[in-house]
Structures are given as structure tokens and as C-alpha cells.
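S.K.: In terms of my numbering, the sequence shown opens at residue 382 and continues consecutively. Backbone N, C-alpha and C fix where the C-beta goes; we use that ideal spot for every residue, glycine too. Please find one structure pasted underneath; my questions will follow.
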Amino acid sequence: VGVLALAGLGVAPLVHPDLRRGAGAVAAALTGPALFFGLYSAWDQGPLASVPGLLPVGLGAVSLLGAVVLVRQERVLASSGRLASLVSAALLGAVAAVPLQLEDAWLTVAWALEAAAVAALAMRLSHPLLRWTPIVLGLAVSVRLVFNPAALDYGDAAGFPVLNWTLWTWGVPALALAASAAQQRRAPVVDRFVSLRATALGMMAIAVGFALVNVEVAHAFRDAGPLELHEKGLLEGMVRSIAWAVYGLGILGLGIRIERGPVRLVGFLLMLLAAGKVFAVDLWSLEGFVRVGSVMGMGATLLVSAWLFERVVRRRGAEENS
Numbered sequence: 382v383g384v385l386a387l388a389g390l391g392v393a394p395l396v397h398p399d400l401r402r403g404a405g406a407v408a409a410a411l412t413g414p415a416l417f418f419g420l421y422s423a424w425d426q427g428p429l430a431s432v433p434g435l436l437p438v439g440l441g442a443v444s445l446l447g448a449v450v451l452v453r454q455e456r457v458l459a460s461s462g463r464l465a466s467l468v469s470a471a472l473l474g475a476v477a478a479v480p481l482q483l484e485d486a487w488l489t490v491a492w493a494l495e496a497a498a499v500a501a502l503a504m505r506l507s508h509p510l511l512r513w514t515p516i517v518l519g520l521a522v523s524v525r526l527v528f529n530p531a532a533l534d535y536g537d538a539a540g541f542p543v544l545n546w547t548l549w550t551w552g553v554p555a556l557a558l559a560a561s562a563a564q565q566r567r568a569p570v571v572d573r574f575v576s577l578r579a580t581a582l583g584m585m586a587i588a589v590g591f592a593l594v595n596v597e598v599a600h601a602f603r604d605a606g607p608l609e610l611h612e613k614g615l616l617e618g619m620v621r622s623i624a625w626a627v628y629g630l631g632i633l634g635l636g637i638r639i640e641r642g643p644v645r646l647v648g649f650l651l652m653l654l655a656a657g658k659v660f661a662v663d664l665w666s667l668e669g670f671v672r673v674g675s676v677m678g679m680g681a682t683l684l685v686s687a688w689l690f691e692r693v694v695r696r697r698g699a700e701e702n703s
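Written out as C-alpha cells, the structure is:
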């Protein structure tokens with residue numbers, strides 16, 4: 382049934398000229414993703430079940446063929462919504478193949494990679510669909526990885542620190558969202574929302590990266606079993622606070638480098654969050670010189686971040702006065 386539906390809705394509209402000129406091309410682009418899970422269930426029972434990545438590649442190839450037909454036969458413009466839909470579907474098939482083959486959080490990773498791919502495609506095709514799709518996909522990825530407790534069940538605590546499934550599950554989407562934000566800022570077609578989209582994607586990347594820091598710390602202090610964010614000891618709490626501070630300092634430095642005020646502000650707020658955790662939680666479990674040393678270390682970190690922040694403000698004032 383799925384194959385017949387794919388042939389009827391995904392291929393036939395691209396063959397008939399009248400359907401190609403209407404909404405048929407858009408329907409053909411949506412058919413593959415809409416039928417994917419049904420087709421995947423059948424594929425998983427067939428002789429090629431060991432290579433599930435071939436299925437999205439095949440569906441993407443159908444969409445890519447449709448895009449070629451539109452360009453060659455209809456001479457569509459780069460701003461065409463039909464062309465944007467088909468090429469986006471083809472990219473989704475390409476980027477979903479590897480995570481599906483690896484079978485680890487493949488849906489979330491595929492969405493994130495699709496966001497980056499579509500943002501890059503917007504550098505050549507100017508349709509609004511391509512400019513806003515990364516935002517929708519980024520929101521879906523961020524919700525699944527930041528606000529979804531079930532994400533901790535994607536794997537267990539076994540494996541090496543840092544180099545484990547959490548780096549793939551949270552790290553790849555964080556990089557993909559950051560790449561999407563960078564592509565938005567460099568897009569040749571600029572509208573009044575381009576800064577908003579770039580900032581939103583950047584904030585999503587920072588949020589997913591912050592979640593990665595937390596799950597990596599949790600993974601480092603578990604030998605086996607399910608992954609939990611609940612701190613089970615003083616050392617884990619201190620390491621988490623230090624990781625927050627280092628991450629915040631890194632985000633602050635990145636904001637200074639790319640000259641993005643919201644990124645700098647978030648980095649500074651993360652530094653304050655780490656300091657607040659130390660003063661409100663961690664220090665109550667320490668005694669004597671260890672407590673003094675912790676206060677001094679966090680104070681030094683805050684001084685460095687404040688100095689960097691002040692240099693940015695001073696430099697901006699000098700540029701405005703020149």
C-alpha cells in the first residue's frame with residue numbers, strides 16, 4: 382500500500398505536466414516523509430533490513446529527480462516554492478541516512494542536520510520556506526533534547542567519558558543549529574527577520590550545548606545503568622559547576638569573537654548561574670580552606686568574564702565615538 386501511495390502521490394505528479402505546474406510537486410515532496418514510517422516498518426521486515434539508510438536515500442532520490450524535472454522541463458525560478466519543497470525533501474533523505482543507519486537518536490539528529498542543510502540551501506534558493514524551516518526544525522530538536530526527560534533513555538551510562546553516545550545525540554545537533562545560525566547571517570537575501578532567526582537558532586544551539594555539558598558530567602560519574610542528572614556526590618556537583626563556568630566563558634568568548642551581543646549576554650549569565658550554584662549549593666558541603674579556595678576560584682573566573690565584558694563595552698563606545 383505504501384509503495385502504491387508513493388507511486389501515485391510521489392511520482393505521478395512529476396510525470397504529468399499539468400500536475401507539475403500546480404500543487405502536485407509540493408504534494409510529491411511531502412509524500413516521502415509522510416509515508417516514511419509505514420515504509421520503514423515494511424523495510425525492516427525485508428531482506429535489506431540491515432541497511433535501513435538506503436530507504437531515505439531512495440526517497441530523497443525521487444524528490445531530487447522531481448527537482449531536476451522542474452528545472453529542465455518547467456524552467457522554474459530559484460524562488461519557486463515547488464522547487465524548494467522538492468530539494469528540501471531530497472536533502473532530508475540524504476541527511477537522515479547516516480543517523481538512521483547508526484540507529485542512535487536518528488530522528489533528532491536527522492532533523493538537526495536537515496536544519497543546517499536547508500539553511501545552506503537558502504544561500505542559493507530564495508524561497509521563504511527555506512529561511513523559516515530551520516527555525517521549526519530547531520525548535521523540535523531543542524524541545525526533544527532540552528525539555529524531554531525521555532532523551533536520557535536514548536542510551537545508558539556505559540562507555541568512555543566524553544566520547545560516548547551523548548556527544549553524538551546532543552553534540553551533533555548543537556553544531557548543526559550553530560551552523561544554521563551562521564548561514565542565516567550570511568544569507569544573500571536579507572529580510573527584516575534575518576537577525577531574529579539567526580539569534581533564535583544561536584540560542585537553541587547554546588541551550589542544546591548546555592544540555593550536553595550536563596549529560597556529559599552525569600555520564601562521567603556513572604559506571605552503568607540509566608543516565609540521571611541528579612547529583613550523587615560533592616565531587617559531581619563541583620565538576621558540574623566548573624563545567625558551567627567554563628562553558629559560559631566559552632560562550633562569552635564566542636560572542637566577543639563574532640560580535641553578537643545576545644551571545645555575549647548569555648555567556649555572562651551562564652557564568653553568573655555557575656557562581657550562584659557554587660554559593661547557594663556547593664559551598665555548604667565544603668569546609669575550611671577548601672571552601673575558601675572554591676570562593677577564590679569562582680571569584681577569579683567572574684573577574685575574568687567581567688573584564689572581557691567591560692572590554693567589549695569600552696571598544697563599542699570607542700567605535701561609536703570615532
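1. If you count every other CB in all the chains shown that lies within 10 Å of the CB of Trp487, and 16 or more means buried, which is it?
2. Could you tell me whether the segment 551-568 touches the segment 519-535, using the rule of 3 or more Cβ pairs below 8 Å?
3. From this set, Trp513, Arg641 and Pro433, which residue's C-alpha is nearest Ser574's C-alpha?
4. By alpha-carbon positions, which one of Leu651, Leu635, Val594 and Leu440 ends up nearest to Asn545?
5. In chain order, what are the residue ranges of uninterrupted beta strand (DSSP E) at least 3 long that sit wholly in the segment 580-614?
6. Can you tell me the Cα-Cα spacing of Gly439 and Gly536, whole angstroms?
7. At the level of alpha carbons, what is the spacing between Ala605 and His611?
8. Just the Cα atoms here: how many angstroms apart are Leu650 and Ala681?
9. Quick check: Ala478 and Pro437, are their CB atoms within less than 8 Å of each other?
10. Tell me whether Glu617 sits in a helix, a strand or coil according to DSSP, three-state version.
11. In whole angstroms, what separates the C-alpha of Arg578 from that of Phe541?
12. Under DSSP, the alpha helix (DSSP H) around Arg641 begins and ends at which residues?
13. How far does the alpha helix (DSSP H) with Ala470 in it reach, from first residue to last?
M.R.: Taking the coordinates as given:
1. buried
2. yes
3. The sequence as given places Phe at residue 574; Ser does not occur at that position. With distances taken between Cα atoms, Phe574 lies closest to Trp513.
4. Restricting attention to Leu651, Leu635, Val594 and Leu440, the CA atom closest to the CA of Asn545 is found in Val594.
5. none
6. 29 Å
7. 15 Å
8. Their backbone Cα atoms lie some 16 Å apart in a straight line.
9. Against a cut-off of 8 Å, the Cβ pair of Pro437 and Ala478 comes out as a contact.
10. helix
11. 36 Å
12. Looking at the DSSP string, Arg641 is not in any alpha helix (DSSP H), and its letter there is neither H nor E.
13. Per DSSP, Ala470 belongs to the alpha helix (DSSP H) from Gly462 to Leu483.
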